[in-house]
Amino acid sequence: MKAKYLQILGRIIRGGENISPSAVEGILGKNPTLNALIPQIVGVRDEIAGEVPICVIKGLATPEIRELIQSEIVQRMGTLYVPEDVIPVETLGLEDYPRTTSGKIQKAKLAALVRKHLSRGEEALDSTTGHDANLTEELRSIWAKAVGLEPSRIRLDAPISEFADSITVMRVRDRIKRTTGKALSLSAMAEAGTIEKQIKLLQGMGAGQPNGTQEVPVERPTRQGTPGVEDMVHLIEDPELLGPTKEVVIETISKLGLGWEDVEDIIPAYDFGTIMSQTKLYDSWNFNFSILPSRKVDKESLRRAFEAVVINNRILASLLVWDENKLSSDDALHVIIKRSPKFFDMIVEDGGSLDTVEDLKNVSLHHPRPDYATLPGPVYRTMLFDIKETGTAAMVNSVHHCVIDASMGQIIQEDMDRALGAMASGAASTEAILSKLHPHVDYKPWADSYYNLRSGVEARAATKWHLRRLSSLPQHVEAGALFPSTLITPRDKYNAALVEGDDCIPIKFDIPDIHALRKEFPDITPQAVVKSAVALMNVHRTGHSHALFTNHEASRTYFPFVPKALAALSPKLFEATDVSGPTYQNVINLIEVGGDGGETVLGFLRRVQAEQTLLTRHAAAPLRQVMGGLDGGNRLVPEVIGAQVYNWVPGLGTVGTNPHRHHEVLSAVVRPHLGLSLNCGLGGPRNQTVIVQVRGDGFELGGLRRIGEEIEAITKWLVARSNWEAPVGGFGRALEG
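Under full-length UniProt numbering, the first residue of the sequence shown carries the number 1, and numbering increases by one thereafter.
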């Protein structure tokens with residue numbers, strides 16, 4: 001046992017890197033305040049990093065002391081050396097460190113006491129001396145990473161609505177569950193209102209207990225053999241379509257050397273994904289992610305991490321097929337392929353070597369294989385590279401939008417980070433890495449539920465709501481509300497890999513007045529403020545009375561259309577935050593803008609916010625039914641989507657920060673063939689910086705930049721206190737000069 005202790009204490013191996021406890025102690029000892037606490041560094045086992053340093057001090061572990069320890073180590077040694085936790089020696093049941101008769105601190109005994117303390121997971125009575133303080137810092141850190149702020153700028157008593165939107169709250173909730181083992185319900189997260197109140201809820205819970213009820217178990221689906229009629233929801237009513245289904249699937253996958261025996265499952269695509277694929281709007285919506293591991297790995301190891309992530313998210317191992325004639329349906333089907341070595345050989349490619357990290361980013365911008373991850377699939381693939389500059393392997397992952405949305409992208413990146421961390425702690429095989437990944441809610445229950453319930457009363461009610469407000473859509477399109485009205489490049493000629501220039505025109509600007517607006521009118525969200533500016537930009541450009549554009553909705557709260565009484569039986573069962581697959585929707589905005597003598601800025605913001613709330617509530621309305629209920633809707637709706645999309649992206653404000661421990665996403669490139677694409681978010685060190693990423697084929701680069709600048713000017717005008725009671729129709733003054 002003594003030899004084991006010496007191995008841990010002499011050197012801490014964190015993420016494959018050596019950490020000298022005495023070196024860390026030496027740095028801390030140079031600060032008089034910390035030196036008085038006699039800081040001692042010991043190592044403990046960690047599931048991900050292998051070993052992590054823990055700092056034990058003789059005194060109280062106040063938030064100020066924790067921050068001082070972190071800042072000293074970060075500035076003088078780097079983040080790798082920051083202790084995972086700070087524990088007062090009193091918490092270990094001692095008044096002083098264990099010492100020899102000569103007064104020397106016994107590190108082996110101290111390390112054993114720390115391990116015993118952590119393994120018990122006891123809750124300290126004093127929030128400044130143990131677990132409660134650790135929980136506080138854990139939540140502060142989780143929130144800081146989610147919104148792109150320094151932990152010291154996260155106020156525990158501030159209303160969460162001041163710095164985070166609903167999607168960020170859902171993402172944070174899942175991270176809290178993975179980090180602490182405690183699961184707050186979505187309603188509890190919303191009702192808490194502040195981080196401080198969330199901490200109090202968590203302190204009263206046991207691990208794995210969401211607000212006193214048992215956590216719903218999540219397991220990876222397994223199937224022996226191939227799916228039968230009872231396994232494919234689209235065949236329940238028409239089992240005679242089994243033969244045609246096999247025929248359509250085999251016709252596609254046989255071109256890849258695959259057969260029906262390689263099929264694990266068939267999952268129906270939801271309306272929006274189906275329509276975007278069949279209209280070919282999705283053909284240009286692929287993502288290319290350039291990913292650089294934080295430690296040196298070779299290609300084979302990186303491949304195993306990639307394989308584990310795909311196995312943990314099986315929707316990524318799929319193709320998308322449809323045939324209206326053979327299947328007597330206009331639905332598309334996800335074909336899930338068994339994750340065999342043969343399949344991985346198909347989706348993993350050795351790209352050779354690159355000189356620099358910048359070259360890696362350029363691959364994601366101008367991919368050498370533009371057909372990568374295009375329909376019918378495979379829809380998720382990777383190219384592995386050796387980077388001479390860093391001496392490590394790296395990857396560019398390509399994924400089709402039919403299996404990913406922003407929330408799914410977060411799930412994949414968190415899994416990749418955990419997979420690379422597992423490798424750092426010694427996991428060598430794909431199976432060993434997979435054992436360290438948290439299973440997610442499989443996509444099939446969500447998709448099958450959507451398929452079954454899309455004709456139910458809840459779905460019909462949502463559809464009717466959209467049809468009522470969009471009944472005049474054809475007239476507005478005819479009057480010139482569509483902006484931009486044309487594209488520069490014909491759809492069949494567009495190739496994202498050949499587009500010149502950077503991925504987008506980035507516009508960043510500060511709106512400090514947002515704090516006063518949010519404080520006095522907390523119901524008005526930053527998303528609605530920027531969306532209002534986009535609406536005003538549209539009417540300025542078209543001269544029409546209404547702004548017409550679409551926006552994405554995450555639709556991640558609960559499974560769509562589940563009856564309220566049924567959901568109440570087990571709310572956790574129908575939560576969609578951790579569904580491994582796309583759930584996002586697209587909705588049409590038709591916003592009227594009055595003249596100089598009408599509605600005030602505040603009135604307009606509140607109206608846009610109210611409409612946004614309803615759009616979110618009814619976002620999952622089956623798009624096929626909405627299109628069918630509008631005059632000329634089958635043509636008009638794809639045309640409106642293809643013209644302009646506004647997308648509020650939670651986490652976009654964290655650009656420039658790295659929320660991951662074991663890798664960095666250097667670039668995430670998407671160049672959708674739209675007239676105008678606006679990805680927007682809020683962040684920055686004071687949570688007042690608006691980010692607008694402007695893309696589109698409706699304008700040359702100069703035209704795109706001018707649109708971004710107009711949105712900037714109008715947004716600043718809207719939040720200025722002096723304009724709150726002014727007529728919103730006077731926004732044109734913001735664009736003068």
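For every residue, glycine included, the Cβ atom is placed at its ideal position computed from N, Cα and C.
Just so you know, these numbers come straight off a predicted model, no measurement behind them.
- Message: Suppose you measure from the CA of residue 538 to the CA of residue 608; what does that come to, to the nearest Å?
- Response: Residue mapping note: residue 538 aligns to position 538 of the sequence shown, counting from 1. Residue mapping note: residue 608 aligns to position 608 of the sequence shown, counting from 1. In a straight line, the C-alpha of residue 538 is about 14 Å away from that of residue 608.
- Query: Closest to residue 399 by CA distance: which of 229, 144, 137 and 284 is it?
  - Reply: Numbered from 1 along the sequence shown, position 399 holds the residue referred to as residue 399. Nearest of 229, 144, 137 and 284 to residue 399, Cα basis: 284.
- Message: Out of 382, 627 and 160, which one is the CA nearest neighbour of residue 368?
- Response: If you number the sequence shown from 1, residue 368 lands on position 368. Cα-wise, what sits closest to residue 368 is 382.
- Item | Rounded distance between the beta-carbons of residue 577 and residue 556, thought under 8 Å | The residue labelled residue 556 in the question sits at position 556 within the sequence shown. The residue labelled residue 577 in the question sits at position 577 within the sequence shown. Confirmed, about 5 Å.
- Message: Is the beta carbon of residue 408 closer than 8 Å to that of residue 582?
- Response: Position 582 of the sequence shown, counted from the start, is the residue given in the question as residue 582. Position 408 of the sequence shown, counted from the start, is the residue given in the question as residue 408. Their beta carbons are under 8 Å apart, which means residue 582 touches residue 408 by this criterion.
- Item | Alpha-carbon spacing of residue 507 relative to residue 714, whole angstroms | Position 507 of the sequence shown, counting from 1, holds the residue named residue 507. Position 714 of the sequence shown, counting from 1, holds the residue named residue 714. Using only the alpha carbons, I get a separation of about 13 Å.
- If residue 114 sits next to residue 44, beta carbons under 8 Å apart, how far is it from one beta carbon to the other, in whole angstroms? For the purposes of this step, residue 114 is taken as residue 114 along the sequence shown, with counting starting at 1. For the purposes of this step, residue 44 is taken as residue 44 along the sequence shown, with counting starting at 1. Contact holds; Cβ gap of about 6 Å.
- Query: Going by beta carbon distance, what residues of the same chain come within less than 6 Å of residue 419, once the five residues before and after it are set aside?
  - Reply: To locate residue 419, count along the sequence shown from 1; it is residue 419. Closer than 6 Å at the Cβ level, and outside the excluded window around residue 419, lie 305, 308, 309 and 433.
- Message: Once DSSP output is grouped into helix, strand and coil, what is the label at residue 572?
- Response: Along the sequence shown, one-based indexing puts residue 572 at 572. In this structure, residue 572 counts as helix in the three-state DSSP scheme.
- Message: Beta-carbon within less than 7 Å of residue 575's beta-carbon, same chain only, minus the 5 sequence neighbours each way: which residues are those?
- Response: Mapped onto the sequence shown, residue 575 falls at position 575. So the list reads 186 and 558, once near-sequence residues are dropped.
- residue 569, buried or exposed, once every other Cβ within 10 Å from all chains shown has been counted against 16: Indexing the sequence shown from 1 puts residue 569 at position 569. When all chains shown are included, residue 569 counts as exposed.
- Query: Can you find a heavy atom of the ligand HEM that lies under 7 Å from the Cβ of residue 158?
  - Reply: Looking for the ligand HEM in the displayed structure turns up nothing, as the structure carries no ligands at all.
- With DSSP as the reference, label residue 343 as helix, strand or coil. Numbered from 1 along the sequence shown, position 343 holds the residue referred to as residue 343. Helix.
- Item | Complete alpha helix (DSSP H) runs within the segment 52 to 119 (minimum length 4 residues, chain order) | 63 to 76
- Query: Under the three-state reduction of DSSP, which class applies to residue 551: helix, strand or coil?
  - Reply: Your numbering for residue 551 matches position 551 in the sequence shown. Three-state DSSP puts residue 551 in a strand.
- Message: In the DSSP assignment, the beta strand (DSSP E) including residue 561 goes from what residue to what residue?
- Response: Position 561 of the sequence shown, counting from 1, holds the residue named residue 561. Note, residue 561: premise wrong, no beta strand (DSSP E); not H, not E.
- Message: Please tell me whether residue 334 and residue 427 are closer than 8 Å, where the distance is taken between their beta carbons.
- Response: As a first step, residue 334 is located in the sequence shown; it is residue number 334 there, counting from the start. As a first step, residue 427 is located in the sequence shown; it is residue number 427 there, counting from the start. For residue 334 and residue 427, no; Cβs fall outside 8 Å.
- Spell out the partners DSSP gives residue 702 in its beta bridges. As a working mapping, residue 702 is identified with position 702 in the sequence shown. None, per the DSSP bridge assignment.
- Query: Which partner residues does residue 509 have in the DSSP bridge list?
  - Reply: Here residue 509 refers to the residue found at position 509 when the sequence shown is read from its first residue. DSSP, once it has assigned bridges, lists 690 as partnering residue 509.
- Rounded to whole angstroms, what's the CA-CA distance from residue 648 to residue 525? Just pull it up for me. The sequence position of residue 648 within the sequence shown is 648, counting from 1. The sequence position of residue 525 within the sequence shown is 525, counting from 1. So the two alpha carbons sit approximately 11 Å from each other.
- Task: Could you check how far apart the C-beta atoms of residue 692 and residue 711 are, in whole angstroms? I think they sit under 8 Å.
- Result: For the purposes of this step, residue 692 is taken as the residue at position 692 of the sequence shown. For the purposes of this step, residue 711 is taken as the residue at position 711 of the sequence shown. Sure, about 6 Å apart at Cβ, within 8 Å.
- On the three-pair Cβ rule with 8 Å, is the segment 342 to 359 touching the segment 657 to 665? no
- Item | Assigned secondary structure, residue 276 (DSSP; H/G/I helix, E/B strand, else coil) | Mapped onto the sequence shown, residue 276 falls at position 276. It is helical.
- Query: Who pairs with residue 590 in a beta bridge, going by DSSP?
  - Reply: Counting from one through the sequence shown, the residue named residue 590 turns up at place 590. Per DSSP, 548.
- Query: Which partner residues does residue 385 have in the DSSP bridge list?
  - Reply: For the purposes of this step, residue 385 is identified with residue 385 of the sequence shown, where counting begins at 1. In the DSSP output, where bridge partners are listed per residue, residue 385 has 394.
- Task: List the residues that DSSP assigns as beta-bridge partners of residue 288.
- Result: Counting from one through the sequence shown, the residue named residue 288 turns up at place 288. In the DSSP output, where bridge partners are listed per residue, residue 288 has 398 and 669.
- Pull up the CB-CB distance for residue 593 and residue 536, whole angstroms please, since I reckon it's below 8 Å. Stepping through the sequence shown from its first residue, residue 593 is reached at position 593. Stepping through the sequence shown from its first residue, residue 536 is reached at position 536. Right, their Cβ atoms sit about 6 Å apart.
- Query: Roughly how many angstroms separate the alpha carbons of residue 452 and residue 264, rounded to a whole number?
  - Reply: The residue labelled residue 452 in the question sits at position 452 within the sequence shown. The residue labelled residue 264 in the question sits at position 264 within the sequence shown. Between residue 452 and residue 264, the C-alpha separation is close to 21 Å.
- Message: For residue 543 and residue 703, what's the separation of their Cα atoms in angstroms?
- Response: Sequence index remark: in the sequence shown, residue 543 carries index 543 (1-based). Sequence index remark: in the sequence shown, residue 703 carries index 703 (1-based). Cα to Cα, the separation comes out at about 18 Å.
- Item | With 16 other Cβ atoms within 10 Å as the buried cut-off, status of residue 393 | What you label residue 393 is simply residue 393 of the sequence shown in a count that begins at 1. Flag for residue 393 reads buried.
- Item | Runs of beta strand (DSSP E) wholly within the segment 611 to 656 (minimum 3 residues, chain order) | 644 to 648
- Task: Express the C-alpha separation of residue 667 and residue 267 in angstroms, rounding to a whole number.
- Result: The residue given as residue 267 occupies position 267 in the sequence shown. The residue given as residue 667 occupies position 667 in the sequence shown. Near 31 Å, if we compare the C-alpha coordinates of residue 667 and residue 267.
- Task: Check whether the segment 235 to 246 touches the segment 460 to 472, counting contact only when three or more Cβ pairs, one atom from each stretch, lie closer than 8 Å.
- Result: no
- Query: In three-state DSSP terms, what is residue 320?
  - Reply: The residue labelled residue 320 in the question sits at position 320 within the sequence shown. If DSSP states are grouped into helix, strand and coil, residue 320 belongs with the strands.
- Is it right to say residue 687 is buried, meaning 16 or more other beta carbons lie within 10 angstroms of its own, or is it exposed? Taking the sequence shown and counting its residues from 1, one reaches residue 687 at position 687. With 16 or more other Cβ atoms within 10 Å, it is buried.
- Query: Out of 590, 145, 119 and 422, which has the shortest C-alpha to C-alpha gap to residue 436?
  - Reply: Numbered from 1 along the sequence shown, position 436 holds the residue referred to as residue 436. The candidate whose alpha carbon is nearest that of residue 436 is 422.
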